[in-house]
Structure formats: structure tokens, C-alpha cells
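Asker: Numbering (full-length UniProt numbering), first residue to last: 1 to 80.
We put the CB at the ideal spot given by N, CA and C, even for glycine.
1) Taking 8 angstroms as the limit between beta carbons, can you name the residues of its chain near residue 26, skipping five residues before and five after?
2) Quick test of the definition: if touching needs 3 or more C-beta pairs under 8 angstroms, does the region 43-60 touch the region 11-19?
3) Which of the three DSSP states is assigned to residue 29 in this structure?
4) Can you give, in chain order, each stretch of the alpha helix (DSSP H) that sits fully within the region 16-68 and has at least 4 residues?
5) Spatial neighbours of residue 80 within its chain, please: C-beta separation below 7 angstroms, excluding the five flanking residues on both sides.
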């Protein structure tokens, strides 16, 4: 596989952004974004799709962690 040129990279990133936007609007309901996902998969190299999918999962995970973050209470950590 050759490395995509600037135009192909831009198309890939645009299709990824449209797919992520669709997921955000639909509440991560993949079935509502099938067409956009297909475009995303055909525009980007498969390794990039895997990378971007993992990146999105990680970013969503970080959001959930930050929303639910509560500092540990010193008393809860010490054993009596």
C-alpha cells in the first residue's frame, strides 16, 4: 500500500469527521450512520479506519472518566 497523497488524506479525514459527527448526532447509533460509515471505509486505508475507531473509543472513554471523576477520600483508602 502506498501512502495516500494530500488530497486522499484530506478526503479520508473529511469522511471520518462526517462519520463521527453522525455518531454524535445519533447518540452513537451505528445503524443510523451506515452510509457515512461506508464512505469512510472506502475513502480511508483500512489501518487508518482501525486507528480512528480506536481513537474515538479512547476519546469517549476519557470523557466518561472525566465526567465521573471524584477524588479519593483519604479515609476510604486507609485500613483501620
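Answerer: Straight from the coordinates:
1) 32, 33
2) yes
3) coil
4) 34-43, 46-67
5) A caution first: residue 80 carries a pLDDT of 46, below 50, which makes its placement in the model unreliable, though a value can still be read off. For residue 80, where only same-chain residues beyond five positions count, there are no Cβ hits under 7 angstroms.
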